[in-house]
Structures are given as C-alpha cells and as structure tokens.
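Q: All residue numbers for the sequence shown refer to our numbering, where the first residue is 31 and numbers rise by one. We put the CB at the ideal spot given by N, CA and C, even for glycine. To start, I am sharing the structure in question, which I have written as structure tokens.
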Amino acid sequence: MKLFLKHIDFLNFKNFAEVSLNFTNKINCFAGSNGSGKTNLLDAIYYLSFCKSYFSSSDIDNIKRNDNFFVINGSYDLEETEENIFCGVKLNSHKQFKRNKKEYSRLADHIGFIPLVIVSPYDTNLISDGSDERRKFLNNVISQYDKIYLNNILNYNRLLKQRNILLKDFYQKKHIDFETLEVFDEKMATYAQPIYQVRNNFIENLIPVFKEFYNRISGESENIDIIYQSQLENENLLNLLKNSIEKDNIMQYTTCGIHKDDLIFKIDDFPIKTNGSQGQQKSFLLSLKLAQFDFIKQKNNVLPILLLDDIFDKLDNFRVAQLMQLVGEHHFGQIFITDTDKQRIERVLEPVKSDYSIFNLEKGVIL
C-alpha cells in the first residue's frame with residue numbers, strides 16, 4: 031500500500047510559532063543552518079507516528095518557550111483514503127491523540143498505523159550507549175507490526191515497575207513476602223517468553239537483509255553480525271527470578287529478565303564499538319535502519335515514511351551515492367531530508383529521477 035503525508039500544520043512546537051506545509055509524495059527537503067529548526071520539523075512528523083518525540087523524553091520540553099501548549103495536525107493519503115492525525119499537548123493536562131477526530135483511548139493503539147523510520151546522527155547512541163538504547167530499537171521496530179508484542183511489553187514493564195517497588199518495601203521492612211512476589215513473577219513470566227521469542231525471530235530474519243544493505247552501502251564484503259543476547263536463551267524467567275531473589279532483595283530491583291536483553295554489534299568477531307572505524311560504524315547504522323525499513327514494509331505491506339536527518343554531512347560521497355542509487359530504484363516511498371546546504375541537496379538528488387521539493391528555513395521560519 032502507498033502512504034504519504036500530504037499536509038502538516040502545527041502551533042508552538044519547539045522553535046516554531048506556526049507552520050503549514052504541503053508535501054510531494056516523493057522527496058521533501060528542509061535546508062537551513064544549524065538551529066534553524068530542520069530537525070524539529072522531522073520530529074513533528076515523527077510525533078504523528080509514535081505519539082512522542084524522537085529526541086525529547088518529555089512532551090512538555092517540546093512546547094515553545096513562553097507558551098503552554100502545542101498542537102500538530104497531519105493529513106495522510108493511505109491508498110487514496112484520507113487519514114487525519116491530531117496531537118495536542120498542554121501543560122497540566124493529558125496528551126490528546128486523535129484519528130479522524132476520534133480520540134484514542136490508548137496511545138498504543140495508534141503505534142504502527144503510520145509506519146516510519148528515522149535515520150539520525152542520534153543513532154550513534156545505538157553503538158556508544160548502554161543496552162537500553164538497543165532495546166528501544168527492538169521495541170520501536172517490532173511494535174510497528176506486532177500489537178501483541180507491544181501489549182506484552184507494556185504489561186511486562188508495568189509489572190516490573192511494581193515488583194521493584196515491592197523489593198524496596200521488603201528491604202526497608204527487612205521481610206520478604208514470597209507469596210506476593212510469586213504472583214508477580216508468574217505474571218511477568220507469561221509475558222517474557224513470547225517477547226523473547228518475537229525478538230529472537232526478528233533478529234534472525236533481519237540479519238540477512240541488514241548484511242545485504244551493508245555490503246551495498248559500504249562497498250565492502252566484511253564480516254558483520256548482530257547477536258541477540260538474552261538471559262531467557264537457556265532458562266525461563268520464573269526460574270531466573272526464583273534464583274535471584276536474594277540478589278534482588280539486596281539490590282532492591284529486579285536483576286534478571288527481558289529488560290536486560292541486549293544486541294551485540296560485531297565486525298570481524300569484535301565489538302564494532304571498539305573495533306570499527308567511523309566509516310564502518312556509519313555504514314552499520316545506516317544499513318540497520320534500512321533493514322528496519324525493509325522489514326516493516328514486508329510485515330505491514332506499506333512503504334514506511336523515511337526521515338533522513340543531516341546524513342549527507344555525516345556520510346562520505348561514496349555512501350551517499352549508494353544510498354541515492356537505492357532511492358533512484360524506487361525502493362522507498364515518501365522521504366524527508368534535512369541538510370545545511372541547499373546546493374548539496376540539489377547535487378545529491380540530481381541523479382535521482384524523482385520529484386522533490388525544497389523548503390528553506392531560518393530561525394524557526396520557513397522562507
């Protein structure tokens with residue numbers, strides 16, 4: 031199915047007072063100096079897919095300074111059917127999210143309806159930061175096509191939070207209520223096993239596509255791999271929790287479970303974090319995101335929207351040329367691109383036989 035964002039308008043979002051834009055269904059570019067708001071425009075589009083910002087953990091942080099609310103409206107064409115998505119955030123009020131003027135009772139019900147993939151300089155956190163970033167990546171991808179997985183994750187995390195509160199309470203009272211703890215452990219175990227299985231299957235299926243993209247983007251045939259690491263590989267969660275109760279009591283939090291899962295990124299059998307060059311790491315991350323795009327496309331039978339944030343400045347000419355060749359092969363649907371240099375955008379897109387629009391920005395204003 032074909033999906034594209036036809037129009038967006040928003041008020042008081044980050045450094046923008048008011049914006050109203052119409053888009054082509056192919057390539058849309060935002061050009062402007064650093065701080066002009068290019069990435070903020072992409073983040074507004076991201077909001078309409080995931081009900082949250084890609085860059086800010088708090089909704090309130092996205093309200094324009096000296097204002098107390100922001101709204102984002104997006105009009106989409108999904109197989110020639112118009113879909114309108116609304117997001118509203120106000121200080122001291124709950125976040126509103128609506129599809130065709132009908133408010134969602136749960137934000138989770140919207141995830142996956144507007145599939146989207148973002149490639150950003152921020153993605154380096156997937157390599158440099160802790161396992162939490164890589165679990166977020168897993169959840170972001172899988173939740174876009176598997177509602178059961180998303181509900182399992184939400185339920186597991188809710189129980190995990192409650193279990194950790196119990197552990198702190200037990201520690202302070204110097205008494206463990208094993209009966210209550212067992213109830214939580216059994217419930218968590220029912221969600222953990224299917225989460226593990228889905229993650230494991232996802233990585234197994236992603237790796238061949240990822241390697242194909244890497245070889246094409248980098249021009250090299252290097253030995254790269256992604257290893258899914260989980261405590262549930264050899265033991266079920268119920269046994270793990272029973273065996274760790276003394277440690278959990280001392281630490282006052284749950285020390286084992288699928289919330290400890292990780293992805294190990296390797297090149298030539300060594301961690302790419304310490305053994306990969308900057309170029310290899312860039313190729314790795316771009317290939318990972320393109321494989322994500324391909325995977326979601328196959329699962330949802332929809333071409334996700336692709337956001338490319340400031341990547342021409344971060345990639346060398348060869349990798350940019352390889353990426354644009356993929357774009358020219360109509361591998362993707364609608365694409366949004368940001369760059370500091372309008373002429374570079376035009377030069378890069380010249381070999382791509384496709385319609386494109388360029389919007390010029392300056393300090394939160396579209397010229």
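Comparing alpha-carbon positions, which option in N230, R246, G394, N279 lies nearest Y258?
A: Nearest C-alpha to Y258: N230.
Q: Okay, do the segment 302 to 319 and the segment 121 to 134 touch, 3+ Cβ pairs below 8 Å being the bar?
A: Not touching, per the Cβ criterion.
Q: Nearest CA to the CA of D324: which residue from E392, N185, F243, I90?
A: That would be F243, whose Cα lies nearest to the Cα of D324.
Q: Classify I367 as helix, strand or coil using the three-state DSSP reduction.
A: Three-state result, I367: strand.
Q: Hey, how far is the Cα of F116 from the Cα of F43?
A: Roughly 13 Å between the two C-alpha positions.
Q: Give a yes or no on contact between the segment 253 to 267 and the segment 288 to 298, applying the rule of three or more CB pairs nearer than 8 Å.
A: Yes, the segment 253 to 267 touches the segment 288 to 298.
Q: Quick test of the definition: if touching needs 3 or more C-beta pairs under 8 Å, does the segment 138 to 152 touch the segment 213 to 222?
A: At 8 Å Cβ cutoff, the stretches do not touch.
Q: Over the uninterrupted alpha helix (DSSP H) stretch that includes E242, give me the two end residues.
A: Segment 208 to 248, the alpha helix (DSSP H) holding E242.
Q: Given that a residue counts as buried once 16 or more other Cβ atoms are within 10 Å of its Cβ, and exposed if not, what is Y145?
A: With the sequence shown as reference, residue 145 is identified as Pro, and Tyr is not the correct amino acid for it. It is buried - the Cβ of P145 has at least 16 other Cβ atoms within 10 Å.
Q: Any chance you could list the beta strand (DSSP E) runs of at least 3 consecutive residues sitting entirely within the segment 335 to 363, in chain order?
A: Correct list: 335 to 339.
Q: Using a Cβ distance threshold of 8 Å, determine whether the segment 369 to 378 contacts the segment 32 to 51, with at least three qualifying pairs required.
A: Contact between the segment 369 to 378 and the segment 32 to 51 is absent, because fewer than three Cβ pairs lie under 8 Å.
Q: Quick one: Cα of E392 to Cα of E110, how far?
A: When rounded, the distance between both Cα atoms is 34 Å.
Q: Can the beta-carbon of Y386 be found less than 8 Å from the beta-carbon of K131?
A: Their beta carbons are not under 8 Å apart, which means Y386 does not touch K131 by this criterion.
Q: Would you tell me roughly how many angstroms separate the C-alpha atoms of Q364 and N305, rounded to the nearest one?
A: Looking at the two C-alpha atoms, the distance is approximately 35 Å.
Q: Can you tell me whether DSSP reads I172 as helix, strand or coil?
A: Correct three-state label for I172: helix.
Q: Beta-carbon separation of D343 and G309 under 8 Å?
A: No, these two residues do not count as a Cβ contact at 8 Å.
Q: Just list the residues that DSSP pairs S105 with in beta bridges.
A: DSSP, once it has assigned bridges, lists H37, N114 as partnering S105.
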